[in-house]
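Written out below as structure tokens is the structure these notes cover.
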Amino acid sequence: MAATEEPKLKKLKVEASRALSENTLFGMGNPLLDITAVVDKDFLDKYSLKPNDQILAEDKHKELFDELVKKFKVEYHAGGSTQNSIKVAQWMIQQPHKIATFFGSIGIDKFGEILKKKAAEAHVDAYYYEQTEQPTGTCAVCITGDNRSLVANLAAANCYKKEKHLDMEKNWMLVEKARVYYIAEAATFGREQGFEIEDIKEIAKMTQALPKVNLKRQRIVIFTQGREDTVVATESEVTAFPVLDQKQEEIVDTNGAGDAFVGGFLSQLITDKPLTECIRGGHYAASVIIRRTGCTFPEKPDFH
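For the sequence shown, this note's numbering assigns the number 559 to the initial residue and increments by one for each residue that follows.
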């Protein structure tokens, strides 16, 4: 019996792998090269940095990134919100590689080369728009004890030219090839829309009911709230999903938790899993990332 069933099992596995092909997921955003290092107080003081803060780089931080590399032992990671999410989705899926495509702008420089290498190591199919106006965007992650001071220099990430990259036939073909698309969230959405309420469930409900161009498919709204419940609004209901229990002493770094949730969610969405499984995948990925420094993860997920 086993001998006759084995070819059928192999066939099922092949069909399952075909269901997820390269470039099924598409992401577009600001790529940054994360440069992480343990630094001293003198370094923070020199650049007027607070031990636990997130800021955009100013002129006074211009030399910070090169000094960080020269003075301390650094680790590099492909970063930026959308790229983090795409990277986590690929990690959750594992095989085949290059499920995820990513577009963004980088500079023609050493940090750009490192970023391309790190994206490839994460098995993301990154197609960067390379330009000379600005250097590659970077994010310095300066660690002192349990604190992390983040300094982001968007630089080239703000130089994307649609007509010189997205509109090119070979690149647009990748856009058309994808089934699921992700572009990073809109902050303070409720206030921007003029919703004069604070209740997150009501904001989700009102957001779901906003006018929509594509009437063939209903809108699903998902709001994450850190340790609080994840709120999901569909056409028929608003549901709160509790996050996974996490011991406080296990939490190392909450930066990137939101990006990880999106990645975990997308990894299940592109395989047509039910919404509850997509949420579960998002919560799992976030729970892994907050136990590590930066948006990093072990070799393989333990998600069933």
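Just so you know, even glycine gets a beta-carbon here, dropped at the ideal spot from N, CA and C. Note that the coordinates shown come from a computational prediction; the quantities given were computed from them, not determined experimentally.
Could you check how far apart the C-beta atoms of Leu-712 and Asn-588 are, in whole angstroms? I think they sit under 8 Å. For the purposes of this step, residue 712 is taken as the residue at position 154 of the sequence shown. For the purposes of this step, residue 588 is taken as the residue at position 30 of the sequence shown. Contact between Leu-712 and Asn-588 holds, with the beta-carbon distance rounding to 6 Å and staying under 8 Å.
Sorted by chain position, which residues of the same chain lie with C-beta nearer than 7 Å to Arg-777's C-beta, five sequence neighbours on each side aside? Position 219 of the sequence shown, counted from the start, is the residue given in the question as residue 777. Leaving aside the five residues that flank Arg-777 on each side, the residues in its chain whose CB is nearer than 7 Å to its CB run, in chain order, Gln-766, Lys-770.
Give, in chain order, every unbroken run of the beta strand (DSSP E) that is at least 3 residues long and sits entirely within the region 646–687. Segments of the beta strand (DSSP E) lying fully in the region 646–687: 658–665.
What residues match up with Leu-614 in a beta bridge as DSSP calls it? What you label residue 614 is simply residue 56 of the sequence shown in a count that begins at 1. Beta-bridge partners of Leu-614 (DSSP): Ala-710.
With distances taken between CB atoms, is the gap from Gly-526 to Thr-640 smaller than 9 Å? Because the chain is modelled from 559 through 862, residue 526 falls outside the range shown and cannot be assessed.
By Cβ distance below 6 Å, which residues in the same chain neighbour Tyr-759 in space, the five residues on each side in sequence not counted? Position 201 of the sequence shown, counting from 1, holds the residue named residue 759. In the sequence under discussion, the amino acid at residue 759 is Lys, which differs from the Tyr named in the question. Once the five neighbours on either side are set aside, the close Cβ partners of Lys-759 are Val-789, Val-796.
Where Phe-584 sits in the DSSP three-state scheme: Taking the first residue of the sequence shown as position 1, residue 584 is located at position 26. Phe-584: strand per DSSP, three-state reduction.
Quick one: Cα of Glu-793 to Cα of Pro-800, how far? Along the sequence shown, read from residue 1 onward, the residue named residue 793 stands at position 235. Along the sequence shown, read from residue 1 onward, the residue named residue 800 stands at position 242. Cα to Cα, Glu-793 sits roughly 21 Å from Pro-800.
Span separating the alpha-carbon of Thr-562 from that of Pro-654: Residue mapping note: residue 562 aligns to position 4 of the sequence shown, counting from 1. Residue mapping note: residue 654 aligns to position 96 of the sequence shown, counting from 1. Low per-residue confidence applies at Thr-562: pLDDT is 41, beneath 50, and the placement is therefore not dependable, though the value from the model is reported in the following sentence. Distance between Thr-562 and Pro-654, taken at the CA atoms: about 27 Å.
Decide if the region 733–741 is in contact with the region 712–723; the criterion is three or more beta carbon pairs, one per stretch, under 8 Å apart. They do not touch, by the three-pair rule.
What is the rounded straight-line gap between the Cα of Ile-828 and the Cα of Asn-581? Within the sequence shown, the letter at position 270 stands for residue 828. Within the sequence shown, the letter at position 23 stands for residue 581. Cα to Cα, Ile-828 sits roughly 11 Å from Asn-581.
Under 8 Å: do the region 586–602 and the region 630–637 share three or more Cβ pairs, one atom per stretch? Enough Cβ pairs lie closer than 8 Å, so yes.
Would DSSP call Glu-621 helix, strand or coil? Here residue 621 refers to the residue found at position 63 of the sequence shown. Here Glu-621 sits in coil by DSSP.
According to DSSP, simplified to helix, strand and coil, what is Val-846? One-based indexing of the sequence shown puts residue 846 at position 288. In the three-state scheme derived from DSSP, where H, G and I count as helix and E and B as strand, Val-846 is classed as helix.
Should Gly-752 go down as buried or exposed, given a rule of 16 or more other Cβ atoms within 10 Å for buried? On the sequence shown, position 194 is the one that residue 752 refers to. With fewer than 16 other Cβ atoms within 10 Å, it is exposed.
What residue range does the beta strand (DSSP E) around Gly-637 cover? Your numbering for residue 637 matches position 79 in the sequence shown. Per DSSP, the continuous beta strand (DSSP E) segment holding Gly-637 begins and ends at 632–637.
Among Gln-804, Asp-811, His-619, Ala-658, which residue has its Cα nearest to the Cα of Gly-703? The residue labelled residue 703 in the question sits at position 145 within the sequence shown. That would be Asp-811, whose Cα lies nearest to the Cα of Gly-703.
Kindly provide the ranges of any alpha helix (DSSP H) runs that are 4 or more residues long and lie completely inside the region 728–804, ordered along the chain. Those alpha helix (DSSP H) runs which fall completely within the region 728–804 and span 4+ residues are 747–750, 758–766.
Over what stretch of residues does the alpha helix (DSSP H) that includes Val-820 continue unbroken? Here residue 820 is taken as the residue at index 262 of the sequence shown, counted from 1. Start and end: 815–827.
So, for Ala-745: in the same chain, excluding its five sequence neighbours on each side, which residues have a beta-carbon less than 7 Å away from its beta-carbon? Counting from one through the sequence shown, the residue named residue 745 turns up at place 187. For Ala-745, the pLDDT reaches just 41, beneath the cut-off of 50, and the residue's location in the model is therefore unreliable, leaving the point undetermined.
Between the Cα of Cys-836 and the Cα atoms of Leu-602, Ile-651, Tyr-685, which residue gives the shortest distance? Working through the sequence shown from its first residue, we reach residue 836 at position 278. For Cys-836, the closest alpha carbon among the candidates Leu-602, Ile-651, Tyr-685 is that of Ile-651.
Host beta strand (DSSP E) of Leu-602 (start-end): Locating residue 602 in the sequence shown gives position 44, counting from the first residue. Counting along the chain, Leu-602 sits inside no beta strand (DSSP E); it lies in the alpha helix (DSSP H) bounded by residues 599–604.
Got a sec, what are the start and stop residues for the beta strand (DSSP E) Cys-697 sits in? For the purposes of this step, residue 697 is taken as the residue at position 139 of the sequence shown. Membership of Cys-697 in the beta strand (DSSP E) is indicated by the continuous run 696–702.
Below 8 Å CB to CB, which residues in the same chain sit around Val-846 once its five sequence neighbours on both sides are set aside? If you number the sequence shown from 1, residue 846 lands on position 288. Excluding residues within five positions, the ones whose Cβ falls inside 8 Å are Ala-818, Phe-855, Pro-856, Pro-859.
When Val-646, Ile-613, Tyr-687, Ala-791 are compared against Ala-710, the one with the closest alpha-carbon: For the purposes of this step, residue 710 is taken as residue 152 along the sequence shown, with counting starting at 1. Closest by alpha carbon: Ile-613.
If you check the beta carbons only, do Cys-531 and Asn-610 fall under 9 Å apart? Here the chain covers residues 559 to 862 and nothing more, so residue 531 does not appear.
Can you give the Cα-Cα distance for Ser-707 and Leu-824, rounded to whole angstroms? Taking the sequence shown and counting its residues from 1, the one referred to as residue 707 is at position 149. Taking the sequence shown and counting its residues from 1, the one referred to as residue 824 is at position 266. Each residue's Cα considered, the two are about 29 Å apart.
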